Structures are given as structure tokens and as C-alpha cells.
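These notes are about the structure you will find just below.
Number of protein chains: 2
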Amino acid sequence: MRTVPPRSAGRLLYAQSGGVTAVINATAAGVIETARARGVPVYAARNGILGALREDLIDTSKDSRAAIAALRHTPGGAFGSCRYKLKSLEANQAEYARLIEVFRAHDIRWFLYNGGNDSADTALKISRLGKAMGYDIRCIGVPKTVDNDLAVTDCCPGFGSVAKYTAISTLEASLDVASMADTSTKVFILEVMGRHAGWIAAAAGLAGDGADAPPHIILFPENAFDEVAFLAKVKATVERVGWCTVVASEGVRNSAGQFLAEAGTRDAFGHAQLGGLAPVLAALVKEKLGYKYHWALPDYLQRSARHAASKVDAEQAYAVGKAAVDYALDGMNAVMPVIVRTSDAPYRWKILPTPLARIANREKKMPRGFIRRDGFGITAAARRYLAPLIRGEAPVPYGKDGLPAYVRLKNVAVTRKLEPFAP
Amino acid sequence: MRTVPPRSAGRLLYAQSGGVTAVINATAAGVIETARARGVPVYAARNGILGALREDLIDTSKDSRAAIAALRHTPGGAFGSCRYKLKSLEANQAEYARLIEVFRAHDIRWFLYNGGNDSADTALKISRLGKAMGYDIRCIGVPKTVDNDLAVTDCCPGFGSVAKYTAISTLEASLDVASMADTSTKVFILEVMGRHAGWIAAAAGLAGDGADAPPHIILFPENAFDEVAFLAKVKATVERVGWCTVVASEGVRNSAGQFLAEAGTRDAFGHAQLGGLAPVLAALVKEKLGYKYHWALPDYLQRSARHAASKVDAEQAYAVGKAAVDYALDGMNAVMPVIVRTSDAPYRWKILPTPLARIANREKKMPRGFIRRDGFGITAAARRYLAPLIRGEAPVPYGKDGLPAYVRLKNVAVTRKLEPFAP
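Chains as they are written, first to last, in this note's numbering: chain U, 1088 to 1510; chain Z, 1088 to 1510.
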């Protein structure tokens, strides 16, 4: 089958996939620095797997050691990411053939795909191409997602930092609300990411402990929204504490299973407003209880806030990148480096390889035992799990202009060798 | 008139007013530490002027040196703030009489009121009580407001930190959007505070410079919203850059003078949604241009983000507190310490006293020359003014739990001596 035999020891291709995080570039740094140390050149695919399909590749050797090191503290996806799921080999053989064509043309012998559930699935499919299409490619999945919903791994790189940002923001905004509550805002609602699982909302619970400490109410997508209980809890909190901080997961649904955000607010054109749960809850509080409210919806700010990243998270993100290269170069295939927790206190972890087949297309739910019985807060078990993940700071260097010194890579394109291909 | 002659050298009363900031407590630290060094005891009024009226006073001597020092890095208002404007002496003589009664009962000889325009007006009224009501009280206004709209002072403590937070957030979220634009979000809208003036939105402009750098569009309340020009600019930016970051001041109005936020989205009950300009703009972009969008509304997060505060801002906040005490104890009355810029580059500033009469009830607008001719960005003059204000970091100490070590004061109440009074 091999028409063009490799003339070198081969190259490693790295690609970022799905929603980016504050630390996915730390993984990229782990990948590139480790590969460089082992003498293997690294290409990156521009915009994830699409770059591989389009033969839109980046030669990472054109960026300096300092630039690659700076990826460790730069948020976003330095090579571009994508939302694109490969179909099965049967359903879209042309795409797989194209991938092999691109790999062969550029002597790609190792492919590292950095993403969530869907990306693990893509990585698994590609890992099987070697046998199916007669080209020797080893494929490693690299974990990443703020959603913290990958199977097997104890936590997902990216989650710890959004968790830390959310806990800090909850604490800070609550200090503000506490100051003003006598004559102004009594209820503050922070809407956080989490369409299917309440991991990020749960992390807000780390901002305080005890009935009077914020957040006073957490709303999880795991529970159907109970309007009566919610309003009663808001009222009781305001009457006892003087004010109330609510942290709500965007994915909160009513008992009919509809997203509350969509069931409520309509925009100027009558469309359901996405990402707008907070104003729906705020309006409810105002209508039924008469309290003055404020609400916040940090959206991308929460997952790009590298300036407030967790040290543990940044270290784990780097470590999975490093491990992925080692696994690939040591001959492994179809695995993902996962984080294994060996101790809660002191927190200890290590990286181990796990078959992608155990991870692809699965979703880790938050344990029921992490949500308090009343449904509005987290349990001691949740605290034990979450607390270590936001520990330690990973400060960014700041420029003289007062802004974080984030790097923009040159991203020099590799000369194309093939005909264009439209995925 | 004096029925109870003072038995001591007198006390200083400090109160916080209006919306709080990331650094108003640094001003409190400046006040308390300076007064302590000069041997003058400090009471704080709980919840601003209301605490003075209610005789709800806090003895700051009950909090340790370390606790007071920690105010320097703790956001929110440590003693509580309020939104409450004293009427004129003629309109509500009872309240002024009550203030004098409370001052006299607790031997308050100096009153420092830390706030914005309204608070400067309150401070001015109280400064005139001495003569009007025969009690020797000196009153100093202390500047604070994220709105940056106080007259005379070059800038307002609190603004530099929200400016820095906004510039950092714009930069970080833009790195995220840039990564995803190929297959996902193309337009990101960040809504910031600024009902009447675009100071905070303007500060977002520091995140980048040049036509292709974010933010690509800033919407100011100073300009009537031009839908056609806005959409054309969004479209041109997406076509040229691949994506577009918009920063919009909450106070943007249409040509009829209505807030765009209120003219658009209605909540589930048909009420106009306040603070919801971003979803209105996002819906417009989607409807007219078809681009996928995300939007963020950080609300209180922006003004309480002490973890990302500006060093210059934190220093100025402390300095105005210190100066206010010195002015008061040195016999001044009816003045405010203001920040005078003596040089742009290198940035140099000093604190000088200015009569409250020049500040009370005035509003500093953003100069027209700070907004670019096309209306969608800031000028070089704006950069010269804004850039120094976000320079330098003022890191917070973090606890082992990974959260900023913010202080909660004991806030021990002073024993009441008077009958209750309901303001």
C-alpha cells in the first residue's frame, strides 16, 4: 500500500478541538516542548481536524522557544479550534482517505487530538485508520474541557481554572452585594456555563461554606427547577442574611424538561434568548418577591480567564500534553492520558494512559451525592473533590501596558503539496 | 448651643456611599491608618449616611492593624454603603438636626464621606452645618466611582481597576473567539457599565490597537446608535478578520433617546429588561447578518474584581483616604482631595484639595476628542489618558484554598446613646 515511503523519522501533528479553555495552550506547550526535546518536529493543524483535512498545517518550529513557553500562560486556542465531528468510516470514507493522504504527504506518524468527548471519538476513529487504510499512524487523545464531563479522568484540564474564576467571581460580587443590600440590590444572580452538568455551578460553592455564606443558592441542571422552593429559599435568605447570591447553571430546566432560559425571555424578534437564564430568574424574583436584583453572565470570560487560572489546572494541562507525546513516541495508540487522583488531602495526582474506547462518546455526570438534599448547594463530598482543583495560582506575566503578556504565534503555514479538499 | 462639651479631642467618622468598587476599601485603609497614626479614633457609619442618621456606628479600633491593612486588597464596601441623598437643609431639617445630634453624642468632629457626585453634595451640605447649627464639624468628601465622572479630579478611584478588568476581559475573550471563529462564534459582544458616559467602554479599547485588533467596535452612550453603520462595520470586520469583538456601554441609546436595552428585550412578564443591551445587539447581528454570536454581561463582577486591580488605582484610592484625613485634621472643611495629573509619560500624579462646591452635582463627560470620528473606537488622546490608569498590578494574597484572602471586619457596633430615628 505504501507508495511514498517516509524519508524521515516522521512528524507529529497536534490539533485543538471544541471550545477552548484558559489552559489548552499549556497542553500545546507540553506537546511541543516534549516533542522538541525528543527530536521530533511538530506540525499543528489550523482550526482542529479541519486543518488536517484542508492541508492547512502550521510549522511550529518557526516559533521560538520563548514563544512556545509563553503558550503556557496564554488562553484561547493558539492554532485555532473547530466544532466538527468526523462521521464513521463507512459514512464518509473520502474524509478518512484525505486524512491519510495529508498524513502521508507530510510524513505525519503521530496525531494528537486535544479535546472533549467528540474529539476522543474522532481520535479513536483515526487511531483505527492504520489497519483500515494501510498507513502507520498512531493517535492519542488529549483531554480538555471546561465541562469536566470526560469519562475515566478524575478531572478535565480547563475545568479547574473556570472553577477558580467562578469561585473568585462569586466571592467578589457577593462582597459588593453585601455592601449595597441595605438600600439597593438584594438578589444577585450569576449564570455560569454547564448545559448538561452542574460542575461549574458546583465550583461556585467553594466561595463560601455555611448557610449564611455565599453562594446561598446553586441551581443545577441535574434538578428540575422548583419555582416555589427557589423563591422560598431566596426570601428566607434575604430575610436572614439581608441579601442573596444565586449561581445558576445555564442548563437549568423546568419540570417539562425545557431550558428555563428558552422558556422565558424572547428577544426583540420573538426568538428565544439563549444563554439568558439569569434575566429570567431575576424577573421572577422581582415579580414574585419585589427584590431589587442584578445579574451577570460572564460567558466566554469564564473560560478564557487565564489571569485567574488554577495552578493545579495549568500543571495538569501541561502534563497531559507531555504524556501524550511520550505515549505516542513510545508506540502507544488509541489511548488518552488521564488524571488519576491518588489522594484528596494532601491532593496528589498522576497521569496514566487509558484506552480511548473507554472515553469516546461517554459523558461523566456529576455524582448525585455532590448535590445537597435540598437541591440548592454542594455536599462535603463535592468540596473534597472540587477544593484541590482551584488551589494555587498560576500568575501571568504582565506587560508595561498593564495587560497580560499573551503570545500570538507566527503560525507559519506549511507549503501545500496536495490538491484542495473541501470537508 | 453646645449642651454637651466634648470630653476628648474628638473622633473622625468615615462612611462609604453609592456603588462600591474594587478599591474603596483601600481608601478606608488610608483613612483609618492615617488617623490612627495621628492619634485620632475612627468610627465608621454602617451603610453610609444612613448609619450616621440611625446612630448605627462601628468602632474601627476593634479591628486589628492586620485587618485594616487587609482592607487595602479587599473589594466591596467593608462598612456597607447606601444609595441615599440628603435633601436640602430647608426640605428636611430633621435629618440634619439628627446628624448633629449623633455627631455630638459621639464627639464626631470630622466627617469623611467617600462617594461620587451625590455624596460630594451630601458632604458639602454637612460641611455647612457647622455654621447653620452651631456645631463644629469639618467635612471632607473623598472621591470614588467606577463611572469616572467626578468633576475636577483627573480620574476617580475605582475606575482604573474596572478599566483594567475590562481591557483584560476583552483581550482574553477575543483570544477565545479568534480560536473558534472558523466554525463557531463570529461575533462576541461584551456589555459594560456606563449609563451616561462611555469611560469603561473606552477602556476596553486598551486591549488592542489597530484596525484588526480587538475590540473592533466600541459603542458609546455619547453617540446615538446607528444600526446601519454598526451592522456594516460588523460585517466588514468579520469578512476581513474572521470575527468581531464588540464592547458596548449599557447606556447606548437609539436616535429617539431610548436605551436600546429597554427598547428591545422583554422578560417573561413583558417588562423591559434592564442591563440587557448585549442580547439586543446579538439578536440584531443574528437577524440581519446571520452570524453566530456570544455575549457577556459581567455586571458587578467588573467593579468588584479586586483580583485584577490596577496598581495605580489602588495607590490613588489609598492616597485620597490618607489626604482626606490630613486635610480634616489640619482644619480644612468642604474640600475633596483630587488627583492631579502632572505628566502623561512618565505618568505622574499628586493629590490636592479642591472645594466641594466645584464638584458636587457636576458630571464630567468624556471629551468628544476621545471618540474616533467613525464613532466606533477611541483616539490617541483617549489612549494617552487611559493607558496609565491600568498600569501595574496590585496582587491580592491568596489563601491555601485558592481564593483571595479578603478580610471581613468584625464591625463592632458602638453602644447607642440616643433614641431611634427612622430616616
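We put the CB at the ideal spot given by N, CA and C, even for glycine. The structure displayed is predicted, hence computed values, not measured ones.
Whole-angstrom C-beta distance between residue j and residue i, which should lie under 8 Å
i, j, result
"I1155/U", "I1111/U", "Contact doesn't hold; Cβ gap of about 14 Å is too wide."
"A1383/Z", "D1386/U", "4 Å"
"A1348/U", "L1364/U", "4 Å"
"I1136/U", "S1104/U", "7 Å"
"I1426/U", "T1121/U", "I1426/U to T1121/U, Cβ: 17 Å. No contact."
"R1390/U", "G1106/U", "7 Å"
"P1244/U", "A1404/U", "4 Å"
"S1206/U", "A1109/U", "Rounded, the Cβ-Cβ distance is 18 Å, inconsistent with contact."
Beta-carbon neighbours of residue i, restricted to chain U and to distances below 7 Å
i, result
"G1489/Z", "K1251, S1397, I1477, R1478 and G1479"
"A1260/Z", "Y1387, L1388 and S1391"
"G1167/Z", "S1266 and D1269"
Backbone CA spacing between residue i and residue j [nearest angstrom]
i, j, result
"L1505/Z", "E1182/Z", "14 Å"
"D1431/Z", "I1477/Z", "13 Å"
"G1164/U", "H1283/U", "23 Å"
"Q1360/U", "G1292/U", "Confidence is the limiting factor: at Q1360/U the pLDDT is only 48, short of 50, which leaves the residue's position unreliable, though a coordinate-based value still follows. Roughly 27 Å between the two C-alpha positions."
"A1298/U", "F1312/Z", "45 Å"
"G1130/U", "A1415/U", "At residue 1130/U the sequence reads Tyr, which differs from the Gly that was named. C-alpha separation (whole angstroms): 15 Å."
"W1286/Z", "R1393/Z", "19 Å"
"N1201/U", "A1250/U", "20 Å"
"A1178/Z", "P1162/Z", "35 Å"
"L1211/U", "L1173/U", "11 Å"
"L1100/Z", "D1143/Z", "12 Å"
"T1502/U", "D1146/U", "9 Å"
"G1097/Z", "K1322/U", "42 Å"
"Y1380/U", "C1169/Z", "15 Å"
"G1295/U", "V1279/Z", "27 Å"
"A1411/U", "I1465/U", "34 Å"
"L1473/U", "A1265/Z", "30 Å"
"E1309/U", "E1402/Z", "45 Å"
"F1356/U", "R1185/Z", "Reliability fails at F1356/U, whose pLDDT of 46 lies under 50, so the model's placement of it is uncertain and no value is given."
"R1196/Z", "G1221/Z", "12 Å"
"R1254/Z", "E1450/Z", "Note that residue 1254/Z is Ala in the sequence shown, not Arg. Cα-Cα distance, rounded: 24 Å."
"D1236/U", "P1507/U", "36 Å"
"Y1434/U", "Y1171/Z", "49 Å"
"V1091/Z", "I1224/Z", "Caution applies to V1091/Z, whose pLDDT of 44 falls short of 50 and renders its modelled position unreliable; the model cannot decide the point."
"F1457/Z", "G1338/Z", "17 Å"
Nearest candidate by alpha-carbon position, reference residue i, set the options
i, options, result
"V1315/Z", "N1341/Z, V1334/Z and P1491/Z", "N1341/Z"
"R1495/U", "V1107/U, G1106/U and F1166/U", "F1166/U"
"D1400/U", "G1408/U, F1246/U, A1184/U and A1254/U", "F1246/U"
"D1150/Z", "F1463/Z, A1116/Z, Y1171/Z and A1139/Z", "A1116/Z"
"A1132/Z", "L1199/Z, T1121/Z and R1159/Z", "L1199/Z"
"I1438/Z", "R1460/Z, L1237/Z, M1453/Z and K1409/Z", "K1409/Z"
"A1102/U", "C1226/U, T1429/U, C1242/U and K1452/U", "C1226/U"
"E1259/Z", "L1306/U, H1160/U, T1441/U and T1253/U", "H1160/U"
"Y1493/Z", "P1482/Z, V1499/Z and A1500/Z", "P1482/Z"
"G1377/U", "S1397/U, V1325/U and F1346/U", "V1325/U"
"T1441/Z", "D1205/Z, A1109/Z and A1238/Z", "A1238/Z"
Chain-ordered chain U contacts of residue i [CB-CB under 9 Å]
i, result
"E1349/Z", "Here the premise fails: no neighbours, minimum Cβ distance about 11 Å."
"Y1222/Z", "Result: empty, since nearest Cβ-Cβ is about 26 Å, beyond 9 Å."
Under 9 Å from the C-beta of residue i: neighbouring residues of chain Z
i, result
"F1312/U", "Within 9 Å Cβ-Cβ: nothing; F1312/U doesn't reach chain Z, min ~13 Å."
"G1117/U", "Correct list: empty, because the minimum Cβ distance to chain Z is about 18 Å."
"V1107/U", "L1262, D1263, S1266 and M1267"
"H1303/U", "Going along chain Z, no residue has its Cβ under 9 Å from H1303/U, so there is no contact; the nearest lies around 15 Å."
Per-residue contacts from residue i into chain Z (C-beta, under 7 Å)
i, result
"A1265/U", "G1163"
"Y1200/U", "Within 7 Å Cβ-Cβ: nothing; Y1200/U doesn't reach chain Z, min ~15 Å."
"S1271/U", "R1170"
"I1136/U", "Those within 7 Å of I1136/U in chain Z number zero; the least Cβ separation is about 10 Å."
"A1474/U", "D1488"
Closer than 8 Å at the beta carbon, the chain U residues around residue i
i, result
"I1227/Z", "Under the 8 Å cutoff, chain U gives no residues; its nearest Cβ is about 21 Å from I1227/Z."
Three or more beta-carbon pairs under 8 Å between the region 1151 to 1171 of chain Z and the region 1184 to 1199 of chain Z, yes or no? Result no; under three Cβ-Cβ pairs closer than 8 Å.
Is the region 1438 to 1457 of chain Z close to the region 1227 to 1236 of chain Z, with three or more CB pairs under 8 Å? yes
Does the region 1326 to 1335 of chain Z come close enough to the region 1292 to 1310 of chain Z to have 3 or more Cβ pairs within less than 8 Å? Pairwise C-beta distances place the region 1326 to 1335 of chain Z in contact with the region 1292 to 1310 of chain Z, as three or more of them are shorter than 8 Å.
Three or more beta-carbon pairs under 8 Å between the region 1307 to 1321 of chain Z and the region 1418 to 1436 of chain Z, yes or no? The region 1307 to 1321 of chain Z makes no contact with the region 1418 to 1436 of chain Z: fewer than 3 CB pairs, one atom from each, lie closer than 8 Å.
Would you call the region 1462 to 1482 of chain U and the region 1476 to 1490 of chain Z touching, i.e. three or more CB-CB distances under 8 Å? yes
Report yes or no: do three or more beta-carbon pairs, one from the region 1258 to 1271 of chain U and one from the region 1322 to 1330 of chain U, lie closer than 8 Å? Short answer: they touch.
Does the structure place the region 1274 to 1281 of chain U close enough to the region 1367 to 1384 of chain U that three or more beta carbon pairs sit under 8 Å? Yes: the two stretches touch, three or more of their Cβ pairs being nearer than 8 Å.
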